[in-house]
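Structure, as structure tokens:
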Amino acid sequence: MESSRKGRTSPTITDVAELAGVSRAIASRALSHESRPVSADKRARVLEAAEKLGFKPNLLARSLTTKTVNLIAVIVNHIHDFSDLDLFDFLIGEIQSIGKQVIFVRVGSVQRAEEFLRNGVAYHVDAALVFSDFAAAADVRKMFRNAAVLMLNGMHDGTSPSVVPNEVIGITEAVADAAGKGVATAAMVTGRISSPVEQSRIATYKSEMKRHGIRLVAELRGDYSYASGRQMAQSSGWTDVDAVFCTSDAMAMGVMDVHREAFPHNKPARFRLYGFDNLSLTDFEAYPISSIGYDKKAYVGEILRFLTRTGEVAGDRVDVTVPTFFVSRATS
Numbered sequence: 001m002e003s004s005r006k007g008r009t010s011p012t013i014t015d016v017a018e019l020a021g022v023s024r025a026i027a028s029r030a031l032s033h034e035s036r037p038v039s040a041d042k043r044a045r046v047l048e049a050a051e052k053l054g055f056k057p058n059l060l061a062r063s064l065t066t067k068t069v070n071l072i073a074v075i076v077n078h079i080h081d082f083s084d085l086d087l088f089d090f091l092i093g094e095i096q097s098i099g100k101q102v103i104f105v106r107v108g109s110v111q112r113a114e115e116f117l118r119n120g121v122a123y124h125v126d127a128a129l130v131f132s133d134f135a136a137a138a139d140v141r142k143m144f145r146n147a148a149v150l151m152l153n154g155m156h157d158g159t160s161p162s163v164v165p166n167e168v169i170g171i172t173e174a175v176a177d178a179a180g181k182g183v184a185t186a187a188m189v190t191g192r193i194s195s196p197v198e199q200s201r202i203a204t205y206k207s208e209m210k211r212h213g214i215r216l217v218a219e220l221r222g223d224y225s226y227a228s229g230r231q232m233a234q235s236s237g238w239t240d241v242d243a244v245f246c247t248s249d250a251m252a253m254g255v256m257d258v259h260r261e262a263f264p265h266n267k268p269a270r271f272r273l274y275g276f277d278n279l280s281l282t283d284f285e286a287y288p289i290s291s292i293g294y295d296k297k298a299y300v301g302e303i304l305r306f307l308t309r310t311g312e313v314a315g316d317r318v319d320v321t322v323p324t325f326f327v328s329r330a331t332s
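Under the UniProt record's numbering, read the sequence shown as residues 1 to 332, first letter to last.
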């Protein structure tokens with residue numbers, strides 16, 4: 001084996017296979033995230049041989065063989081909401097667990113998405129995950145010259161598959177909780193009205209409030225952020241209500257901080273407070289906000305199912321919904 005490597009500056013997969021005493025195909029599978037099984041003993045021998053030789057897989061060569069680059073594009077408006085941090089840390093880890101890496105494309109506005117298209121800004125990726133409501137499915141397919149586009153928000157077009165939470169379930173439970181506690185009037189602090197998801201969310205809240213006889217006194221528009229929640233909370237003429245429904249937990253946190261005196265020992269004294277997203281922060285004493293969430297493990301699991309089957313489902317309309325649920329905490 002030593003003579004076979006003479007003159008080479010770096011070891012190859014063949015060298016690893018020879019040292020481990022396995023075939024080249026077994027060595028390749030042991031060092032990749034292929035689904036075909038490799039026995040634990042052979043995998044251990046291959047990994048030991050690779051470490052001993054200082055072998056590093058040639059990702060470019062592998063991509064030419066497999067026709068994949070192991071890159072996943074994640075299209076976002078921005079990353080500053082607490083809900084982004086809760087989700088994306090988990091999502092990136094799970095994507096990396098299947099041997100792929102993530103590149104983020106921050107769109108920020110409809111005009112920015114159009115600029116990407118005009119300038120031909122694109123990457124060679126295996127698939128694109130669209131969280132931005134500024135990016136239309138058809139535009140993303142053009143941007144990446146790829147039909148493997150999964151819509152997780154934004155502008156669906158009846159072609160690309162989607163995975164979205166079924167928000168009706170959680171909202172129905174939250175409004176029913178408020179009605180059961182005698183809430184007769186409410187205010188809403190909403191997010192960006194241009195978002196189709198937000199439009200549907202607001203419509204569901206209003207429908208459920210009407211069904212339970214809760215009168216909507218005020219509707220204030222934020223942008224899902226903590227800062228906008230604080231700003232809306234400082235507005236006059238809406239706090240004389242029985243409940244405030246916020247369409248993000250971050251905005252609900254802003255409302256709570258402005259009106260801390262209304263929550264002695266975190267209990268509602270003047271109005272009940274409801275959020276949305278079920279952030280990990282709501283499990284802590286500082287912000288025990290009643291909220292609506294969904295099983296992020298199930299949600300990300302559906303995304304991974306798409307990423308491991310892109311060749312089968314790309315271009316086919318497959319809509320998957322993940323149920324939401326209401327979590328009652330101190331503020332309600």
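Glycine included, every Cβ here is placed at the ideal spot set by N, Cα and C.
Of the residues the options, the one placed nearest residue i, counting alpha carbons only
i: residue 70; options: 81, 124, 46, 222; result: 124
i: residue 90; options: 322, 308, 297; result: 297
i: residue 182; options: 209, 204, 54, 169; result: 209
i: residue 114; options: 130, 263, 96, 135; result: 135
i: residue 229; options: 50, 174, 25, 190; result: 190
i: residue 282; options: 94, 54, 86; result: 86
i: residue 248; options: 241, 220, 271; result: 220
i: residue 107; options: 88, 100, 75, 11; result: 75
i: residue 288; options: 43, 254, 231, 204; result: 254
i: residue 187; options: 99, 245, 211, 102; result: 245
Element boundaries [beta strand (DSSP E), containing residue i]
i: residue 293; result: 291–294
i: residue 273; result: 272–274
i: residue 22; result: Careful: residue 22 lies outside any beta strand (DSSP E) and carries neither H nor E.
Close beta carbons around residue i, own chain, < 7 Å, minus the five adjacent residues each side
i: residue 37; result: none
i: residue 269; result: 262, 263
i: residue 193; result: 199, 221
The alpha helix (DSSP H) enclosing residue i, as first and last residue numbers
i: residue 214; result: Segment: none, residue 214 is in no alpha helix (DSSP H) and carries neither H nor E.
i: residue 172; result: 167–180
i: residue 241; result: Per DSSP, residue 241 belongs to no alpha helix (DSSP H) and is neither H nor E.
i: residue 230; result: 226–233
i: residue 286; result: No alpha helix (DSSP H) contains residue 286, which DSSP labels as neither H nor E.
i: residue 277; result: Here residue 277 belongs to no alpha helix (DSSP H), and DSSP marks it neither H nor E.
Reduced DSSP secondary structure (H/G/I, E/B, other) of residue i
i: residue 318; result: coil
i: residue 79; result: coil
i: residue 187; result: strand
i: residue 159; result: coil
i: residue 201; result: helix
i: residue 325; result: strand
i: residue 74; result: strand
i: residue 38; result: coil
Sequence-distant residues of the same chain with beta carbon closer than 6 Å to residue i, five excluded per side
i: residue 290; result: 274, 328, 329, 331, 332
i: residue 277; result: 83, 248, 249
Other residues of its chain near residue i: CB distance less than 8 Å, five sequence neighbours each side excluded
i: residue 213; result: 179, 184
Quick check for students: name the residue ranges of the alpha helix (DSSP H) that lie wholly in the region 89–157, counting only runs of 4 or more. If only complete runs of 4 or more residues are kept, the region 89–157 shows the alpha helix (DSSP H) at 110–118, 137–144, in order along the chain.
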